[in-house]
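Position one of the sequence shown corresponds to residue 28 (our numbering), numbered consecutively onward. Think of the CB as a built atom: it goes at the ideal place given N, C-alpha and C, for glycine as much as any other residue. One structure is given below, encoded as structure tokens.
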Amino acid sequence: MTSTSQPGLTRFNTSPDSVALAALREVCASGAWGTKLLAQRPYAGLNALLAASDTATGELDGADLAEALAGHPPIGRPKPGDPVSAREQRGMAGAPEELKAEMLELNLAYQERFGHVFLICATGATGERMRDALKTRIGHTPERERAIVRTELGKINRIRLTRLVAEDDDS
Numbered sequence: 028m029t030s031t032s033q034p035g036l037t038r039f040n041t042s043p044d045s046v047a048l049a050a051l052r053e054v055c056a057s058g059a060w061g062t063k064l065l066a067q068r069p070y071a072g073l074n075a076l077l078a079a080s081d082t083a084t085g086e087l088d089g090a091d092l093a094e095a096l097a098g099h100p101p102i103g104r105p106k107p108g109d110p111v112s113a114r115e116q117r118g119m120a121g122a123p124e125e126l127k128a129e130m131l132e133l134n135l136a137y138q139e140r141f142g143h144v145f146l147i148c149a150t151g152a153t154g155e156r157m158r159d160a161l162k163t164r165i166g167h168t169p170e171r172e173r174a175i176v177r178t179e180l181g182k183i184n185r186i187r188l189t190r191l192v193a194e195d196d197d198s
């Protein structure tokens, strides 16, 4: 059985452009990223899709990266009704109120310093780990932080794409 026989990948490869692009925008808010992935369909397998994502993420310019970041809520404050953000930020859900308050303060300071939301691949991370990363990263230069943000965005996109093409046809 080839990887193109995966129901989710087959559905993604054969969906009308508008449907596939809408699904990609749920993965990453950057229109440029989604358009690049859409243009390379069909994908032979998940690895080809992930490689295309990595390339497209690496090519995002300042405005496209800002657009991608705008699609992510601050850590500890997932968008209401957004099960993806809530699942990814699960490590903050049961955090003590003191940690949540500290994260809010740190998030605001980070946004003031860098002009965008603090982005970390939160899947599987504890609230303490995210806080510690934020404390470290707030001291970075803008150039260093932009490189880390791009890496974290790439990780998030990979997780979300994997979920997208792993879904069954009846979902």
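Between the CA atoms of ALA120 and GLU155 - distance to the nearest angstrom: 12 Å
Straight-line Cα distance separating MET130 from LEU76: 34 Å
Spatial distance of ALA97 from PHE145 (CA atoms): 10 Å
Cβ neighbours of LEU73 in the same chain (closer than 7 Å, five flanking residues each side left out): SER30, LEU36, THR189, VAL192
Anticipated Cβ contact below 8 Å, MET102 with ILE165, distance rounded: In the sequence under discussion, the amino acid at residue 102 is Ile, which differs from the Met named in the question. Wrong, their Cβ atoms sit about 13 Å apart, outside the cutoff.
Cβ shell of THR150 (< 7 Å), same chain only, five flanking positions each side left out: GLU115, ILE186
Check whether GLU16 and SER57 have beta carbons under 7 Å apart: Limits of the chain in this structure are 28 at one end and 198 at the other, which puts residue 16 out of reach.
Nearest-angstrom Cβ-Cβ length linking PHE39 and ALA49, presumed shorter than 8 Å: Contact flag wrong, Cβ pair sits at about 11 Å.
C-alpha gap between GLU139 and LEU87, whole angstroms: 22 Å
Nearest-angstrom Cβ-Cβ length linking ARG68 and GLY61, presumed shorter than 8 Å: With a Cβ gap of about 11 Å, ARG68 and GLY61 do not count as contacting.
Straight-line Cα distance separating GLU125 from SER45: 44 Å
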